[in-house]
Amino acid sequence: MIRMMGATVALLVAASPVQAGNSLIAPGAKILVAKSALAVTPASEWNKLGARPGRNSESWTLDGDGLNEITFYGGIPDGRTLFREVDKRNRPLPKVSGTMLITDIPALLESSYRIALNTPLMSIDSVEPARFAGAAGVRFTYSYTRPDSEVRRLGEARAAMIGGLLYMTTYEAPALYYFERDLTAFRQIADSAAL
Amino acid sequence: MKRLAVLSGIAFALTAAAPLPPYTPAYEPTGVDERGMWMQADEAERQMRDSPFVLRDPALNAYVRGILCRTVGQDRCQSTRLYIQRLPIFNATMYPNGMMTVWSGLLLRVRNEAELGAVLGHEFGHFEQRHTLEGFKRARGLGDLLTWTALLSPTLYSSMATSVIGGFYSFSRGQETEADLLGLAYLAQSPYPAASATPVWERLMAEADATAAGRKRKVKTHRYSAGFFASHPTELTRATYLRDAAAKANDPGDPAAAAYRAALAPFIADFLTDQIKLNDFGGTDYLLAQLAADGWTPDLLYARAELYRQRGNPRDLASAAQFYQQAIDGGFAGAEAQRGLGLSLLRSQQLEAGKAALRRYLDAKPGAPDAAMIGALVGQ
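Chains as they are written, first to last, in our numbering: chain F, 1 to 195; chain H, 196 to 575.
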């Protein structure tokens with residue numbers, strides 16, 4: 001089970017400072033996420049993980065981040081990475097740029113995952129226009145495999161550049177069973193996003 | 196201590212062109228340590244066999260295996276199983292049970308069969324000399340020594356630990372030198388020229404410099420002396436003693452550059468894509484220039500354009516648009532060049548020209564996975 005730990009959060013727990021504990025997200029209430037003005041209204045219960053992938057982000061799960069994980073990125077500014085660096089000197093992550101086109105957002109996530117998770121098996125599988133948090137944005141799907149677990153995971157994301165800041169939410173889970181099971185719950189949360 | 200490692204390497208260099216040591220086929224591990232290591236290696240190989248990271252193209256596997264066999268000889272190569280892994284890093288590994296892994300980043304960086312043979316021969320040298328076993332026994336022996344010293348004489352421990360640990364890393368560097376020179380002895384007895392090992396290390400140093408410069412880090416001076424904890428000799432040391440040993444071997448031959456380019460041609464675009472997404476602008480641009488030593492092909496121009504567009508400074512976007520256009524003019528086959536050109540121009544505020552290129556992309560590839568997104572950008 002330890003080897004099946006999920007992507008961003010599991011990767012970064014070790015480097016994190018002392019964490020607040022995990023907490024329960026109650027259904028039906030509007031809640032601000034990722035230390036930002038981004039608000040969502042989940043229809044069902046989720047667990048918020050105490051460990052944050054980075055400064056302006058937070059992760060939710062149902063059964064543990066290796067089995068299902070939603071991550072919110074709340075306005076990443078120009079010059080910042082998507083999540084915390086894993087090895088800044090030797091494997092620096094790409095940075096958000098205020099002039100990015102929305103087509104550059106999936107490429108940024110792909111490159112960040114490839115570097116942070118040490119895997120070339122990460123691909124963007126579809127990209128289409130979609131509204132996110134009230135702005136014109138992008139919806140994309142992706143898949144990846146980590147070298148240490150070799151479980152194939154699928155992901156879906158919505159993102160937009162709003163006022164030069166990157167707002168995004170991603171959902172990912174093992175391709176086998178879990179991804180399909182909770183996809184509807186994720187889409188409801190992504191649809192509810194507002195600034 | 197560092198000097199000792201270099202000296203032992205030079206002593207071995209004098210005998211590098213001597214006949215190869217006798218080889219035992221179908222070797223079985225002996226002793227509890229070696230049997231245990233083989234058992235672990237066998238388990239690692241069972242996982243490797245099913246790994247999604249292994250490239251299974253039969254032609255590529257047969258080709259790389261052929262290079263190994265021509266380098267170390269048919270009898271030796273029979274005992275190895277070779278796995279090509281899709282990992283964009285310069286590396287190859289050898290397990291004590293005869294499993295060899297070759298990484299795609301290595302295939303991207305060598306220029307001919309002889310250079311690849313030099314690296315694979317080095318790895319085979321570790322196997323033939325059973326270095327993993329020696330290293331394991333040495334580490335355990337030193338660990339035991341330090342533990343007893345710490346218990347019996349804590350004051351002596353503090354002064355002793357440094358020299359014992361330093362001795363271990365120096366021992367590891369000695370093994371690397373031994374494998375380097377055994378690899379050179381294989382090359383000397385193969386159809387390939389023995390002088391092929393040196394350029395690999397020289398280019399690796401230049402690429403590391405380019406990576407550092409691209410990241411605005413200080414470009415380090417390459418040294419002969421390895422750091423205290425270095426498990427390998429420095430690239431400069433390796434390039435130097437290998438050049439000296441190759442000169443002594445005086446072994447001309449055909450490095451088979453054209454055959455290598457032809458065999459790798461179907462894979463280079465994928466390997467380059469993996470490299471470009473590593474966010475290493477300086478190193479990747481150096482690597483592309485090396486690959487373009489005989490001229491910039493449309494494929495290499497496209498890769499360079501992608502690299503520049505990814506970094507995305509205003510001047511990079513201007514360069515990227517230029518490279519995409521050159522790739523298109525040179526006959527680049529994929530519609531992706533129009534996509535890249537259009538996106539670069541859009542980000543450079545050249546809206547009409549950018550949209551025109553994106554329309555050409557959609558006309559050529561209406562079913563593309565991002566067709567709806569690109570369509571939205573051009574306002575269709």
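The C-beta atom is built at its ideal place from N, Cα and C for all residues, glycine as well.
Everything numeric in this text was worked out from a predicted model, so none of it was measured.
Assuming residue i and residue j form a contact by the criterion Cβ under 8 angstroms, report the distance between their Cβ atoms to the nearest whole angstrom.
i: Val395 (chain H); j: Glu531 (chain H); result: Contact flag wrong, Cβ pair sits at about 31 angstroms.
i: Ala39 (chain F); j: Ile31 (chain F); result: 7 angstroms
i: Leu553 (chain H); j: Gly537 (chain H); result: 4 angstroms
i: Asp182 (chain F); j: Leu24 (chain F); result: With a Cβ gap of about 17 angstroms, Asp182 (chain F) and Leu24 (chain F) do not count as contacting.
i: Leu263 (chain H); j: Leu277 (chain H); result: 6 angstroms
i: Arg146 (chain F); j: Pro174 (chain F); result: The pair is not a contact, with the Cβ atoms about 11 angstroms apart (cut-off 8 angstroms).
i: Arg410 (chain H); j: Pro92 (chain F); result: 7 angstroms
i: Phe285 (chain H); j: Leu301 (chain H); result: 5 angstroms
Got a sec, what are the start and stop residues for the alpha helix (DSSP H) residue i sits in?
i: Leu49 (chain F); result: Taken as a continuous stretch (DSSP letters only), Leu49 (chain F) belongs to no alpha helix (DSSP H), as it is neither H nor E.
i: Ser391 (chain H); result: Neither: Ser391 (chain H) is in no alpha helix (DSSP H) and is coded neither H nor E.
i: Ile463 (chain H); result: Ala452 to Ile471
i: Tyr105 (chain F); result: For the sequence presented, residue 105 (chain F) should be read as Ile rather than Tyr. Residues Asp104 to Ala116.
i: Leu154 (chain F); result: No alpha helix (DSSP H) holds Leu154 (chain F); the beta strand (DSSP E) holding it covers Arg152 to Ile162.
In whole angstroms, what is the alpha-carbon distance linking residue i and residue j?
i: Leu12 (chain F); j: Leu82 (chain F); result: Because the pLDDT at Leu12 (chain F) is just 46, under 50, the model does not fix this residue reliably, and the value given afterwards should be weighed accordingly. About 12 angstroms.
i: Met243 (chain H); j: Gln273 (chain H); result: 19 angstroms
i: Gly529 (chain H); j: Pro129 (chain F); result: 23 angstroms
i: Pro217 (chain H); j: Val259 (chain H); result: 25 angstroms
i: Met5 (chain F); j: Ala193 (chain F); result: Because the pLDDT of Met5 (chain F) is 41, which lies under 50, any placement of that residue in the model is unreliable, and the question is left without a value.
i: Val297 (chain H); j: Ala452 (chain H); result: 19 angstroms
i: Asn68 (chain F); j: Thr429 (chain H); result: 45 angstroms
i: Ala157 (chain F); j: Pro220 (chain H); result: 54 angstroms
i: Ala159 (chain F); j: Val138 (chain F); result: 5 angstroms
i: His321 (chain H); j: Gln485 (chain H); result: 29 angstroms
i: Phe207 (chain H); j: Pro447 (chain H); result: With a pLDDT of 42 at Phe207 (chain H), under the threshold of 50, the modelled position of this residue cannot be trusted; read the value that follows with caution. Those two C-alpha atoms are separated by around 21 angstroms.
i: Gly535 (chain H); j: Asp565 (chain H); result: 13 angstroms
i: Gly549 (chain H); j: Thr99 (chain F); result: 15 angstroms
i: Glu110 (chain F); j: Val127 (chain F); result: 13 angstroms
i: Trp46 (chain F); j: Ala26 (chain F); result: 7 angstroms
i: Ala10 (chain F); j: Arg499 (chain H); result: Because Ala10 (chain F) carries a pLDDT of 47, less than 50, the predicted location of this residue cannot be relied on, and the following value inherits that uncertainty. Taking the straight line joining both Cα atoms gives about 34 angstroms.
i: Gln521 (chain H); j: Gln505 (chain H); result: 18 angstroms
Tell me the residue span of the beta strand (DSSP E) that contains residue i.
i: Ile70 (chain F); result: Glu69 to Ile76
i: Gln280 (chain H); result: Arg276 to Gln280
i: Ile284 (chain H); result: Per DSSP, Ile284 (chain H) belongs to no beta strand (DSSP E) and is neither H nor E.
i: Thr296 (chain H); result: Met294 to Trp298
i: Ala173 (chain F); result: Leu165 to Pro174
i: Ser539 (chain H); result: Ser539 (chain H) -> not in any beta strand (DSSP E); alpha helix (DSSP H) instead, spanning Glu531 to Arg542.
i: Met122 (chain F); result: Met122 to Phe132
i: Phe140 (chain F); result: Ala135 to Thr145
i: Trp233 (chain H); result: Looking at the DSSP string, Trp233 (chain H) is not in any beta strand (DSSP E); the run it does join, the alpha helix (DSSP H), is Gly226 to Arg244.
Quick check on the burial criterion: 16 or more other C-beta atoms within 10 angstroms. Buried or exposed for residue i?
i: Asn56 (chain F); result: buried
i: Ala457 (chain H); result: exposed
i: Phe186 (chain F); result: buried
i: Glu65 (chain F); result: Sequence inspection shows Asp at residue 65 (chain F); the Glu mentioned does not correspond to that position. Per the 10 Å Cβ criterion, buried.
i: Met234 (chain H); result: exposed
i: Gly422 (chain H); result: exposed
i: Pro94 (chain F); result: buried
i: Asp489 (chain H); result: exposed
i: Thr170 (chain F); result: buried
i: Thr266 (chain H); result: buried
i: Glu650 (chain H); result: In the structure displayed, chain H extends from 196 to 575; residue 650 (chain H) sits before or after that span and is not available.
i: Thr184 (chain F); result: exposed
i: Trp60 (chain F); result: buried
i: Arg418 (chain H); result: exposed
i: Val414 (chain H); result: exposed
i: Glu402 (chain H); result: buried
i: Pro509 (chain H); result: exposed
i: Ala591 (chain H); result: Because chain H is modelled from 196 through 575, residue 591 (chain H) falls outside the range shown and cannot be assessed.
In chain F, which residues lie with their C-beta within 7 angstroms of the C-beta of residue i?
i: Arg542 (chain H); result: Thr99 and Leu101
i: Phe248 (chain H); result: Leu121 and Pro147
i: Lys472 (chain H); result: Glu110, Ser111 and Arg114
i: Arg410 (chain H); result: Pro92
i: Ala567 (chain H); result: Glu128 and Pro129
i: Pro564 (chain H); result: Asp125, Ser126 and Val127
i: Ala571 (chain H); result: Pro129
i: Gly507 (chain H); result: Ser97
Starting from the beta carbon of residue i, find every residue of chain F whose beta carbon is closer than 9 angstroms, and list them in chain order.
i: Leu282 (chain H); result: Asn118, Thr119, Pro120 and Pro147
i: Asp252 (chain H); result: Within 9 angstroms Cβ-Cβ: nothing; Asp252 (chain H) doesn't reach chain F, min ~15 angstroms.
i: Met295 (chain H); result: In chain order: nothing, as chain F lies at least about 18 angstroms away.
i: Asp469 (chain H); result: Arg114 and Pro120
Residue i versus chain H: which residues are under 7 angstroms apart at the beta carbon?
i: Asp87 (chain F); result: Neighbours of Asp87 (chain F) on chain H: none; closest Cβ ~12 angstroms, over 7 angstroms.
i: Glu150 (chain F); result: Ser246 and Pro247
i: Val96 (chain F); result: Here the premise fails: no neighbours, minimum Cβ distance about 11 angstroms.
At a CB-CB cut-off below 9 angstroms, which residues of chain H make contact with residue i?
i: Glu69 (chain F); result: What Glu69 (chain F) touches in chain H: nothing, since even the nearest Cβ is about 21 angstroms away.
Residues of chain F with CB closer than 8 angstroms to the CB of residue i, please, in chain order.
i: Leu215 (chain H); result: Here the premise fails: no neighbours, minimum Cβ distance about 35 angstroms.
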